[in-house]
Amino acid sequence: MSHLIRLVTALAVFLAAAQVQAESRKAPAYDARRDRLEGISKVELAGLAPQLDQGPVALVEFANMDADQLPAINVAMRVGVSADQLTKLIADPGNYPKFMPTVDSVEVLARSDNAIVYEWSFDLAVLHLRGRNTMTIYKTAPGKDSASRITIDSDEGDMGRGRFSIRVYPQSPKSSLLLVSMRLDLREANYVAHHDRQ
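Structural data, given as structure tokens:
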């Protein structure tokens, strides 16, 4: 899981920084926290089955190249634990530092029946990054192949504003399929991430 987080973070930083460089300072017409995340469809997943057998698959979705909508990054991977176990792991950010070496700390600020507000911090080489997220956990719909669904809104911090959509599909009693879709806007991020704006 830590390898996936590092891969997703590196892809997000690279693509968002490239987008920032290409844009002017005008206010964006699109909002990374509100724009719909399409994700990878079941038909696309079926076509990607051979690649998924080899490991994680990452795709970049350019929904509207004629406007300043930021690209979405979609990651799919098979995980060797049940969907329930994986969902519980993802839905407990307070425990992230136990299995993610780069995460220094997570402090849960507020918790309700289906939402968690938390602050995180972690080190990347010489950088110390922090931020605040709101996680929403949706009830699983009835049906043996229905997915658990979690969204994470990046409210503020050094990685900018954006949204993550996470789905966990059961594959067998001991395996699941993890789908992560995200869009991040680094225009309000740490100065190191958007130094080219100056």
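First residue of the sequence shown? That's 1 in the numbering used here, and the numbers climb one at a time after it. Cβ coordinates follow ideal geometry from the N, Cα and C atoms, glycine included. This structure is a prediction, so every number in the text was calculated from the model and none was measured.
Nearest to residue i (by Cα), restricted to the options the options
i, options, result
"S172", "D113, S82, Y138", "S82"
"T140", "G39, K88, P101, L45", "K88"
"K174", "N95, D84, R183", "D84"
6 Å Cβ shell around residue i - same chain, five flanking residues per side excluded
i, result
"V79", "L86, S176, L178"
"Y138", "R149"
"D185", "A32, L70, G160, R161, G162"
"L45", "none"
"L7", "Residue placement at L7 is poorly supported in this model, since its pLDDT is 48, which falls under 50; the coordinates are not used for a value here."
Cβ-Cβ distance between residue i and residue j below 8 Å
i, j, result
"A91", "L48", "no"
"F114", "S181", "The sequence given here has Asn at residue 114, not Phe. Their beta carbons are not under 8 Å apart, which means N114 does not touch S181 by this criterion."
"P93", "M135", "yes"
"V57", "P71", "no"
"V103", "L109", "no"
"R163", "L37", "yes"
"G131", "S165", "no"
Cβ neighbours of residue i in the same chain (closer than 7 Å, five flanking residues each side left out)
i, result
"A147", "R167, V168, Y169"
"E107", "Y118, E119"
"I40", "L59, N74, A76, L179"
"K42", "none"
Contacts around residue i, its chain only, beta-carbon distance under 8 Å, and the 5 residues preceding and following it disregarded
i, result
"L129", "S121, F122, D123, G157, D158, M159, N190"
"G55", "M77"
"R111", "V117"
Boundaries of the beta strand (DSSP E) in which residue i is found, first to last residue
i, result
"L179", "175 to 185"
"I152", "148 to 157"
"G39", "Unbroken run through G39: none, as it is neither H nor E."
"P170", "161 to 172"
"G131", "127 to 138"
"L59", "57 to 61"
"A72", "72 to 79"
Contact belief for residue i with residue j at Cβ below 8 Å, rounded distance in angstroms
i, j, result
"I152", "N133", "5 Å"
Continuous alpha helix (DSSP H) stretch holding residue i: start and end
i, result
"D84", "83 to 90"
"D113", "Segment: none, D113 is in no alpha helix (DSSP H) and carries neither H nor E."
"L52", "49 to 54"
"P202", "The structure shown does not extend to residue 202, since the chain spans only 1 to 198, so no value can be given for it."
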